[in-house]
Amino acid sequence: HQLQLTIADLLTEVHDCHHPIAGGLYYEDQKREAKRRAADFTANRVPKFLGYFERVLAQNPRRGGYLVGGRLSYVDLSMFQMVAGLRYAFPRTMARIEPELPGLLALHDRASARPRIAAYLASKRRLAFNEDGIFRHYPELDR
1 HQLQLTIADL
11 LTEVHDCHHP
21 IAGGLYYEDQ
31 KREAKRRAAD
41 FTANRVPKFL
51 GYFERVLAQN
61 PRRGGYLVGG
71 RLSYVDLSMF
81 QMVAGLRYAF
91 PRTMARIEPE
101 LPGLLALHDR
111 ASARPRIAAY
121 LASKRRLAFN
131 EDGIFRHYPE
141 LDR
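Note that the sequence shown covers residues 1 to 143 in the numbering used here.
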């Protein structure tokens, strides 16, 4: 459960990029602070968190390309969503650091290629990323 909690910590930091002062305030009301928060997040926190998970993958004794054990788990699915969300919200940052994350990208691709997950991703049930969710793309936050 430790890995899932660490993913949850990263997700909180994603949210805090567009709402660094208070969740009840509009993004526009805290834009200046959001830019400052996102600058640190993209420069330091994203590489730190994703680098940690890349090392976890490499150190998994099963060597199957999963974060825990030898088969897909809820932690892997959470990381799949994290990678997809970060690619949407922070495409420039992800393009910069993805060469250092071959294991995580392979995990993302394997998860999305699973038949049931691929069917879900192609269905109307899968909500597209947008500016109302946790992963929001504001170009000014991704420098």
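Where a beta carbon is used, it is the ideal one built from N, C-alpha and C, also for glycine.
{"Check": "CA nearest to the CA of residue 76, picked from 84, 67 and 83", "Outcome": "67"}
{"Check": "Inside the segment 60-139 only - beta strand (DSSP E) runs reaching at least 3 residues", "Outcome": "none"}
{"Check": "Whole-angstrom distance between residue 90 and residue 28, CA atom to CA atom", "Outcome": "18 Å"}
{"Check": "Complete beta strand (DSSP E) runs within the segment 12-39 (minimum length 3 residues, chain order)", "Outcome": "none"}
{"Check": "Counted within 10 angstroms of its Cβ, other Cβ atoms place residue 140 as buried (16 or more) or exposed", "Outcome": "exposed"}
{"Check": "Three-pair Cβ contact test at 8 Å for the segment 93-108 versus the segment 78-85", "Outcome": "yes"}
{"Check": "Integer Cβ distance of residue 8 from residue 143, believed to fall under 8 Å", "Outcome": "Rounded, the Cβ-Cβ distance is 26 Å, inconsistent with contact."}
{"Check": "Check whether residue 65 and residue 106 have beta carbons under 8 Å apart", "Outcome": "yes"}
{"Check": "Beta-carbon proximity list for residue 54, same chain, < 6 Å, skipping 5 on both sides", "Outcome": "101, 103 and 104"}
{"Check": "Sequence-distant residues of the same chain with beta carbon closer than 8 Å to residue 130, five excluded per side", "Outcome": "136"}
{"Check": "Span separating the alpha-carbon of residue 37 from that of residue 133", "Outcome": "18 Å"}
{"Check": "Alpha-carbon spacing of residue 118 relative to residue 79, whole angstroms", "Outcome": "16 Å"}
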